[in-house]
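Note sheet for the following structure.
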Amino acid sequence: DTAVSQTPKYLVTQMGNDKSIKCEQNLGHDTMYWYKQDSKKFLKIMFSYNNKELIINETVPNRFSPKSPDKAHLNLHINSLELGDSAVYFCASSPTGGALDIQYFGAGTRLSVL
Amino acid sequence: GQSLEQPSEVTAVEGAIVQINCTYQTSGFYGLSWYQQHDGGAPTFLSYNALDGLEETGRFSSFLSRSDSYGYLLLQELQMKDSASYFCAVHRSNYQLIWGAGTKLIIKP
């Protein structure tokens, strides 16, 4: 059983479109995250949720809207996609969000905006 | 401000030992983690240091000196499958993991 699963694995779309990425974790964790990894491999935190509540929103354009229907799911909706949104998006979870937590990552969604 | 510095690339020979350094500058510090990421894969946790000293897990060890704001990951008996990117990350506070830019480890036969 996959601990953190995200779909789709690949997403190819045109500029201006709207798309969603889904993430689910079956680890019973309280905290979930979205990261963006660009072509230079830099991992940038986008959002952090704890028990469905938004904790961190790191100066991400408001075209990106996360939604957490329950603590096991954190989805990411992106409006009006731009070329610069092309990247790998990783979902992650951790037990409590505490300062000593280990984060567990999904396999990533490779988004290409044409 | 906060920053983490690690080399962008390190090359080593199969069977050898390699050390990947990480220096950090941050307000608030709970510990230093290391993650491995193979090309096309997801980051996976390797080790964590909250206190000064060496933590050993099989062929991998990680070291922390809080007074020097410095840590390193030591990989022994290198295997080709260790070719990957390695990230150090500072646990700054709740919900806050600050990531380095990653070190690409290239292993030659």
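For the protein sequence lines, the chains are W and R, in the order given.
Note that the first sequence ends on residue 114 in the numbering used here; no numbers are left out.
Note that the second sequence ends on residue 223 in the numbering used here; no numbers are left out.
Backbone N, C-alpha and C define an ideal beta-carbon position, used for all residues, glycine too.
For the region 145-161 of chain R, the residues whose beta carbon sits under 9 angstroms from a beta carbon of chain W are, in order, Gly145, Ser147, Tyr149, Gln151, Gly154, Gly155, Ala156, Pro157, Thr158 and Phe159. Setting aside the 5 residues that flank it on each side, R:Ser179 is surrounded in the same chain by Asp166 and Gly185, each with a C-beta closer than 8 angstroms to its C-beta; the list follows chain order. Rounded to whole angstroms, W:Arg63 and R:Met194 show a C-alpha spacing of 41 angstroms. Only buried fits W:Ser48, as 16 or more other CB atoms lie within 10 angstroms of its CB. Rounded to whole angstroms, the gap between the alpha carbons of R:Gln133 and R:Leu188 is 4 angstroms.
In this structure, the straight-line span from the alpha carbon of W:Tyr89 to that of R:Ser181 is close to 35 angstroms. With the criterion set as a beta carbon lying under 9 angstroms from some beta carbon of chain R, the members of the region 13-34 of chain W are Thr31 and Tyr33, in sequence order. With respect to R:Gln190, R:Ser175 sits close: the two C-beta atoms are nearer than 9 angstroms. Judged by their CB atoms, W:Ile56 and R:Gln210 are nearer to each other than the 9 angstroms cut-off. Counted as a single uninterrupted DSSP element, the beta strand (DSSP E) harbouring W:Tyr89 occupies residues Ala87 to Ser94. Residue contact check for R:Phe201 against chain W: a CB pair falls below 9 angstroms. Fewer than three pairs of CB atoms, one per stretch, sit closer than 8 angstroms, so the region 63-80 of chain W makes no contact with the region 207-223 of chain R. Distances from the alpha-carbon of W:Asp101 to those of R:Gly129, R:Gly155, R:Ser197 and R:Ser207 put R:Ser207 closest. If you look at W:Asp70, you'll find it in the beta strand (DSSP E) that goes Phe64 to Asp70. For a Cβ distance threshold of 9 angstroms, nothing in chain R lies close to W:Asn57: the least Cβ distance comes to about 11 angstroms. Exclusion of the five residues before and after R:Ala130 leaves Leu192 as the residues of its chain whose Cβ lies within less than 6 angstroms of its Cβ. For R:Tyr200, the enclosing beta strand (DSSP E) covers residues Ala198 to Ser207.
Below the 7 angstroms Cβ cutoff, chain W contributes Gly97, Gly98 and Ala99 as neighbours of R:Asn208, in chain order.
Between W:Lys36 and R:Glu119, the alpha-carbon positions lie close to 19 angstroms from each other. Not a single C-beta of chain R is nearer than 9 angstroms to the C-beta of W:Lys36. Where R:Gln133 is concerned, the enclosing beta strand (DSSP E) starts and stops at Val132 to Gln139.
Under the Cβ criterion of 9 angstroms, W:Phe64 is not counted among the residues facing chain R. Under the DSSP definition of a beta bridge, W:Leu100 lacks any partner.
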